[in-house]
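In order, the protein sequence lines correspond to chains A and B. Position 67 (the first sequence) corresponds to 66 in numbering that gives the first Met the number 0; numbering is contiguous. Position 95 (the second sequence) corresponds to 94 in numbering that gives the first Met the number 0; numbering is contiguous. Even glycine gets a Cβ: it sits at the ideal position worked out from N, Cα and C. As the structure is a computational prediction, the values presented were derived from the model and not from experiment. The structure appears below as structure tokens.
There are 2 protein chains.
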Amino acid sequence: MTDEPLVIHPIGRVESALVDRGDAPKQGNEGAPDAWISIDEAFRAAARDLEAGSEVFVLTWLDRADRNTLTVHPRDDPANPVRGVFATRSADRPNPIGLHRVEILEVEGTRIRVSNLEAIDGTPVIDIKPVLGASDAR
Amino acid sequence: MTDEPLVIHPIGRVESALVDRGDAPKQGNEGAPDAWISIDEAFRAAARDLEAGSEVFVLTWLDRADRNTLTVHPRDDPANPVRGVFATRSADRPNPIGLHRVEILEVEGTRIRVSNLEAIDGTPVIDIKPVLGASDAR
Numbered sequence: 000m001t002d003e004p005l006v007i008h009p010i011g012r013v014e015s016a017l018v019d020r021g022d023a024p025k026q027g028n029e030g031a032p033d034a035w036i037s038i039d040e041a042f043r044a045a046a047r048d049l050e051a052g053s054e055v056f057v058l059t060w061l062d063r064a065d066r067n068t069l070t071v072h073p074r075d076d077p078a079n080p081v082r083g084v085f086a087t088r089s090a091d092r093p094n095p096i097g098l099h100r101v102e103i104l105e106v107e108g109t110r111i112r113v114s115n116l117e118a119i120d121g122t123p124v125i126d127i128k129p130v131l132g133a134s135d136a137r
Numbered sequence: 000m001t002d003e004p005l006v007i008h009p010i011g012r013v014e015s016a017l018v019d020r021g022d023a024p025k026q027g028n029e030g031a032p033d034a035w036i037s038i039d040e041a042f043r044a045a046a047r048d049l050e051a052g053s054e055v056f057v058l059t060w061l062d063r064a065d066r067n068t069l070t071v072h073p074r075d076d077p078a079n080p081v082r083g084v085f086a087t088r089s090a091d092r093p094n095p096i097g098l099h100r101v102e103i104l105e106v107e108g109t110r111i112r113v114s115n116l117e118a119i120d121g122t123p124v125i126d127i128k129p130v131l132g133a134s135d136a137r
């Protein structure tokens with residue numbers, strides 16, 4: 000392992016009605032609201048081909064997560080047996096990257112509205128990628 | 000935007016027969032070889048429930064990518080019209096995170112063998128997440 004730091008620069012922010020981690024649904028298919036992603040002006044060219052109707056993966060940096068957590072009770076339920084975080088979608092994990100499959104609903108300059116994004120207001124967005132294939136895995 | 004740096008710590012490395020970026024297929028479904036992921040001992044507990052037969056997303060840090068690239072000719076083919084990188088899976092992008100959907104073929108302690116990983120030998124691995132749902136989008 001090298002110790003050289005790998006530094007992420009946010010490319011935008013989530014604007015959402017979800018303001019508290021306790022409000023966020025445990026998975027994106029459980030009723031997360033639509034949200035806006037506001038992309039920084041510096042990345043306008045990178046965002047130029049994002050289109051309403053496209054399915055994309057939004058990668059976020061879950062900045063309130065605990066990076067020292069290696070095992071969890073899934074869904075924060077003590078009744079669920081402990082699992083290693085790489086076998087869960089827990090936000091608490093060594094690199095707290097959120098992976099969200101969403102549909103782009105609307106594009107307004109460098110702001111895009113997406114379906115069903117389970118990230119709280121202000122969450123840094125670090126990448127957007129097209130989904131390859133037509134199915135609905137996330 | 001905050002300027003506070005978000006720092007990634009690799010959780011492991013790819014061990015692959017692919018040693019040169021030019022050898023890597025453009026997408027993981029185009030004949031990438033099986034590869035091993037060697038997880039750092041510090042993250043053994045996080046990896047404890049990874050099992051052969053599971054579909055997972057492997058997130059990598061594509062450390063040879065150009066982070067200043069905002070638009071590309073997809074698949075490095077000048078005949079393809081230029082597109083913003085957020086509408087492509089180009090490795091060259093502001094935060095060069097690779098997203099690879101793979102199947103776990105074998106687990107040997109903290110080393111796991113996976114199908115079809117289009118990342119070159121030595122690539123830092125930054126996260127592993129289970130796929131939710133049964134389909135094959137990547």
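Short CB-CB distance (under 9 angstroms) between residue i and chain A
i                      : result
residue 77 of chain B  : no
residue 64 of chain B  : no
residue 115 of chain B : no
residue 93 of chain B  : yes
residue 14 of chain B  : no
residue 69 of chain B  : yes
residue 82 of chain B  : yes
residue 8 of chain B   : yes
Start-to-end residues for the beta strand (DSSP E) that takes in residue i
i                      : result
residue 6 of chain B   : 5-7
residue 59 of chain A  : 54-60
residue 13 of chain A  : 11-14
residue 99 of chain B  : 96-107
residue 114 of chain B : Taken as a continuous stretch (DSSP letters only), residue 114 of chain B belongs to no beta strand (DSSP E), as it is neither H nor E.
residue 37 of chain B  : 34-38
residue 126 of chain A : 123-129
Pick from the options that is closest to residue i, judged by C-alpha positions
i                      : options                  : result
residue 63 of chain A  : A/99, A/32, A/6, A/93    : A/93
residue 122 of chain B : B/10, B/4, B/5           : B/10
residue 42 of chain A  : A/131, A/125, A/4, A/129 : A/125
residue 128 of chain A : A/103, A/108, A/115      : A/103
residue 59 of chain B  : B/90, B/71, B/76, B/33   : B/90
residue 98 of chain A  : A/108, A/87, A/107, A/4  : A/87
residue 118 of chain A : A/8, A/4, A/57, A/48     : A/57
residue 12 of chain A  : A/71, A/112, A/5, A/67   : A/112
residue 109 of chain B : B/45, B/18, B/131        : B/45
residue 18 of chain A  : A/32, A/107, A/6         : A/32
residue 131 of chain A : A/106, A/53, A/74, A/105 : A/53
residue 39 of chain B  : A/14, A/39, A/85         : A/85
residue 68 of chain A  : A/76, A/55, A/82         : A/82
residue 55 of chain A  : A/105, A/4, A/120        : A/105
Outcome for residue i when other beta-carbon atoms lying within 10 angstroms are tallied against a minimum of 16
i                      : result
residue 51 of chain B  : exposed
residue 78 of chain B  : exposed
residue 16 of chain A  : exposed
residue 48 of chain A  : buried
residue 101 of chain B : buried
residue 95 of chain A  : buried
residue 6 of chain B   : exposed
residue 115 of chain A : buried
Neighbour flag for residue i against chain B, beta carbons, 9 angstroms
i                      : result
residue 47 of chain A  : yes
residue 53 of chain A  : yes
residue 108 of chain A : no
residue 35 of chain A  : no
residue 102 of chain A : no
residue 87 of chain A  : yes
residue 44 of chain A  : yes
residue 119 of chain A : no
residue 19 of chain A  : no
residue 105 of chain A : no
residue 4 of chain A   : yes
residue 123 of chain A : yes
residue 129 of chain A : yes
residue 0 of chain A   : A caution first: residue 0 of chain A carries a pLDDT of 48, below 50, which makes its placement in the model unreliable, though a value can still be read off. So, interface residue.
residue 126 of chain A : yes
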